[in-house]
Amino acid sequence: MTSFTPIPAVDIRGGRCVRLVQGDFARETRYADDPVEMAKHWQAEGARRLHVVDLDGAREGARRNAAVIGRLLAAVEIPVQVGGGIRSVDDARVLLEEGADRVVVGTAAAEHPEALAEWVAAIGAEQLIIGVDARHGRVATNGWLNVTDVEVTDFCRRLSAAGIRRVIYTDVARDGLLSGPDIQGTVEIARILSVIGSGGVATVAHLNSLAQAGAEGAIVGTALYERRITLQQALSALC
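Residue numbers (this note's numbering): 1290 to 1528.
Below is the structure:
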C-alpha cells in the first residue's frame, strides 16, 4: 500500500477541455466541450483527486474560466486542486470558498517570493501548492511563456524557508510528449519538499518511477486522454 496518487488533469481553454504540447497554445488538442462532464467521468472512473487548470488564466494573469470551474467544483465530490490565473490571496480565497481543496500558484510565487509567507498565513500551507514549472532547469512563468534565471532547486529551498510544504514539478519540455517524466529533477526536489510530478507520464512504469523517486503523486493528462493507460490501470498498480 502506498499513498502515491495518480491525478487526472482537466485543462481548460475557452471553456473546453484541452491538452497542449510543451505548453504551446498553438499545439492544442480538444478532448471535450464540457470540462464538468470530463471531471465527472474521472470521478466515476475512481479518481481520488483532480487537477484543474485555467490555461487562459495562466497566460493572461487573471481567472478566465471561473464560471465553468465553479460549476465543476459543485459537480464533483472528490478533492479538486485548481491553478491558472491565481495572482492574489483574494483569488485563492474565492476558489477555496467555491469548493477547491487546494489552490496552485505559480507565477505569483516566482515573481513575488517575498509574499510567500503572507500566502501561507492567509490560506494555510496545506491548501497551497506552488507550481514549479521548468525549462532546462530554470523556473518558467506566465503559462510557461517566460523563462527566468532562477534555478529550480534554489527556488524550492526558498519555498521551504517560507513555509511552503508542497509543489507540483513540471518539466515543460516533456509535457504532452509522453516521453517520460524528469526523475532526477523529482528526486532533487523531493529532498526539499513534498512533490507531485507532472509532464511526460505515459506508462504505469513512469508512475512507479515517480513513486520511487519520492513523489507523492503525479498529474496524468495526455496518457489518459489518448488511452495509453487507463485510470484503473494506474490506480490498481499503485494503490
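Just so you know, even glycine gets a beta-carbon here, dropped at the ideal spot from N, CA and C. None of the values given here were measured: they were computed from a predicted structure.
Per-residue DSSP class, three states only, for residue i
i: H1495; result: helix
i: L1482; result: coil
i: T1529; result: Residue 1529 is absent from the model: the chain starts at 1290 and stops at 1528.
i: R1516; result: coil
i: R1352; result: coil
i: I1418; result: strand
i: V1436; result: strand
Cβ separation of residue i and residue j, assumed to be a contact under 8 Å, to the nearest whole Å
i: D1422; j: G1395; result: 6 Å
i: V1371; j: A1347; result: 11 Å between Cβ atoms; not a contact.
i: G1488; j: L1344; result: Actually they are not in contact, since the Cβ atoms of G1488 and L1344 sit about 15 Å apart, beyond 8 Å.
i: A1364; j: G1510; result: So it is not a contact: roughly 20 Å between Cβ atoms.
i: T1430; j: E1400; result: 6 Å
i: L1482; j: R1454; result: 7 Å
i: I1412; j: A1451; result: Not a contact, Cβ separation roughly 13 Å.
For residue i: DSSP bridge partner residues
i: P1297; result: V1509
i: C1306; result: I1301 and A1321
i: S1487; result: T1459
i: H1425; result: DSSP, once it has assigned bridges, lists no residue as partnering H1425.
i: Q1370; result: H1340 and R1391
i: D1345; result: D1345 is not bridged to any residue.
i: D1313; result: V1310
Same chain only: Cβ atoms within 6 Å of residue i, ignoring 5 sequence neighbours per side
i: A1507; result: P1295, G1486, V1490, L1496 and L1499
i: L1448; result: I1419
i: A1397; result: R1376
i: E1501; result: Checking the sequence, you will find Gln at residue 1501 rather than Glu. Once the five neighbours on either side are set aside, Q1501 has no close Cβ partner at all.
i: V1310; result: R1316 and G1465
i: F1444; result: V1428
7 Å Cβ shell around residue i - same chain, five flanking residues per side excluded
i: R1424; result: V1436, V1461 and A1462
i: R1353; result: D1343, D1345, G1346 and G1374
Contact set for residue i: own chain, Cβ-Cβ below 8 Å, skip 5 residues either direction
i: E1565; result: Since the displayed the chain opens at 1290 and closes at 1528, residue 1565 lies outside it and no answer follows.
i: R1427; result: V1436, T1437, D1438, V1439, E1440 and V1441
i: G1474; result: A1423, G1426, V1441, Y1458 and D1460
* Unbroken alpha helix (DSSP H) runs of length 4 or more, entirely within the segment 1442-1480: which are they? -> If we require 4 residues or more, the alpha helix (DSSP H) runs fully inside the segment 1442-1480 come out as 1472-1479.
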